[in-house]
Amino acid sequence: MRGRISFRASLSGKFLLSYLLIVLVGVATLLVVTFGLAPTLFQAQLVGILQTHPSALTTSDASQRILGIFLGTLFSALALAAIVATVTSLAISFFVAWRITVPLRHMTHVSQRISAGHYAERVVVPPVHTTDELGQLASSINALAATLEQTERRRLEVIGNVAHELRTPISTLEGYLEGLLDGIIEPTPHTLAMLHTEAGRLRRLVNDLQEVSRAEARQIPLFPQPIAPQQIVQNALEPLEEQFAEKGIELQVHLPEEVPPVMADLARAVQILTNLLVNAQRYTPAPGRVEVTVSVEKALVAFRIADTGCGLTPDQLTHIFERFYRVDKSRSRAFGGSGIGLTIAQSLAQAMGGDIQVTSAGLGQGSCFTLTLPQIHM
Ligand code: ADP
C-alpha cells in the first residue's frame with residue numbers, strides 16, 4: 042500500500058488547482074475581451090454621433106449622451122466577453138472532467154471483468170497515473186485481483202490434488218471388487234484385509250482433508266491453558282517409545298527442570314508433537330537417533346526434534362508445509378501419509394500463537410523441526 046500523498050499530487054489538490062485555473066482563465070478572458078473591445082466600440086459610437094450631429098458634444102445634455110454611449114459600449118463589451126469567458130471555462134471544465142473520468146471508467150471496466158472471474162485483469166498505467174488517490178485505488182484493485190487469482194489457483198490445485206489422492210485407493214478397491222465379482226480373485230482373509238486397508242486409507246484421507254480445511258479456516262476449537270512443557274513431551278512420547286525401540290532408533294530427551302509453562306491447548310500441542318515425532322521415526326532409517334530438546338527462546342518455549350534421517354534439500358524445505366507436499370510420493374503413500382500432516386500441525390501451532398520451523402543441512406544430513414509455543418511469565 043502506498044504512503045501519504047502530498048496535497049499538490051492529491052486529487053483534492055488537483056481539483057483545487059483546476060477550479061483556480063478555470064476562474065483565472067474566465068476572469069482573464071473577460072478582462073482581455075472587455076478592454077480589447079470597449080475602446081473600439083466607444084470610439085466607433087462617438088464618431089457615428091459626431092458625424093450625424095456635429096454639435097452633439099456642445100449641447101447642454103452632452104455629458105448625458107456620453108454616459109449613455111459609455112454604458113451601452115460597456116454592456117455590449119461585457120456581454121460578448123462573458124460569452125467568450127463561459128465558452129473557454131466550459132472547454133477547460135470538460136477537459137478536466139474527462140481527465141478524471143477516463144481512469145475511473147477504466148477501473149470500473151477492470152473491476153467488472155474481475156468480478157466476472159477474469160482474475161488476470163489489471164488496471165494499467167496510463168490511463169491511470171500512480172501519483173494520486175486514483176493511483177492508490179488502482180493499486181488496491183490490482184492487489185485484490187492478485188489475491189483472488191492466487192486463491193483461485195490454490196482452489197484448483199486443491200481440487201486436482203484431492204482428485205489425485207482419491208484416485209489411487211478407489212482404483213485399487215475397484216480392481217479388487219471387480220476381480221471378486223468375476224471370480225478371478227478368491228475372497229480370502231488376505232484379500233479382504235487388503236480391501237479393509239484401502240478403505241481405511243480413504244477414510245484417513247477424508248478425515249485429514251476435513252481437519253486441514255478446519256485448521257486453515259481457524260475453525261478447530263482451542264482451549265488454551267497454562268501447561269508444563271514436560272507434560273506435552275511426556276504425553277506425546279509415551280505411546281511412541283515402543284515403536285522407536287522396535288525400529289532401532291535411539292530416543293534422547295533433553296528437558297531442563299526450570300522451563301516456564303506454555304499457553305496452549307494440551308490435546309492439540311500433543312497432536313503436533315506426535316506428528317513431528319512420527320515423521321522423525323518414519324524418515325529416519327535404523328540405526329538412527331532422534332533428539333527431543335526443550336528450551337526457552339525469548340517469549341517462547343521451543344520443542345526441537347532433531348533426527349539423523351534422510352534430511353531435506355533447500356527446495357524441499359520451502360515446500361514442506363504445503364498441502365499434499367511429499368518428498369517421495371510413492372514411499373510416503375506406502376507409509377499412509379498424504380502430505381497434509383505438517384500443514385495441519387503448522388496451522389494449529391500458529392492458531393495457538395506459535396509456529397513450526399524446519400532446518401536441514403541437506404539430503405542424508407537429518408532434519409530438525411522446531412515447534413514454538415508462547416510461554417507464560419511467572
Ligand atoms: P506425510 O503424512 O506424507 O508424512 P507430512 O505433512 O507429515 O505428510 O510431511 C510431508 C512430507 O515432508 C513427507 O512426505 C516427507 O517427505 C517430509 N518429511 C516430514 N518429516 C520429515 C523428516 N523428519 N525428515 C525428512 N522428511 C520429512
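My numbering puts the sequence shown at residues 42 to 419.
Note that the Cβ used here is the ideal one computed from N, Cα and C, for glycine as well.
Within 9 Å, strictly: CB atoms of residue i and residue j
i           : j           : result
residue 362 : residue 414 : no
residue 254 : residue 347 : no
residue 382 : residue 249 : yes
residue 392 : residue 412 : no
residue 247 : residue 364 : no
residue 353 : residue 289 : no
residue 331 : residue 292 : yes
residue 133 : residue 68  : no
residue 388 : residue 194 : no
Residue i Cβ short of 8 Å to the ligand ADP heavy atom set
i           : result
residue 357 : yes
residue 381 : yes
residue 408 : yes
residue 321 : yes
residue 367 : yes
residue 361 : yes
residue 353 : yes
residue 350 : yes
residue 192 : no
residue 384 : yes
residue 217 : no
residue 202 : no
residue 316 : yes
residue 334 : no
residue 325 : yes
Start-to-end residues for the beta strand (DSSP E) that takes in residue i
i           : result
residue 413 : 408-415
residue 329 : 329-338
residue 345 : 341-348
Contact test: residue i Cβ vs the ligand SAH heavy atom, cutoff 8 Å
i           : result
residue 290 : Within the structure as shown, the ligand SAH is missing, the only ligands being the ligand ADP.
Start-to-end residues for the alpha helix (DSSP H) that takes in residue i
i           : result
residue 161 : Premise fails: residue 161 is in no alpha helix (DSSP H) and is neither H nor E.
residue 28  : In the structure displayed, the chain extends from 42 to 419; residue 28 sits before or after that span and is not available.
residue 303 : From DSSP, residue 303 is part of no alpha helix (DSSP H) but of the beta strand (DSSP E) over 303-305.
residue 196 : 174-223
residue 85  : 52-93
residue 388 : 382-392
residue 354 : Where residue 354 is concerned, there is no enclosing alpha helix (DSSP H), given that its DSSP letter is neither H nor E.
Complete runs of the beta strand (DSSP E) confined to the stretch 258-293 [at least 3 residues]: 266-268
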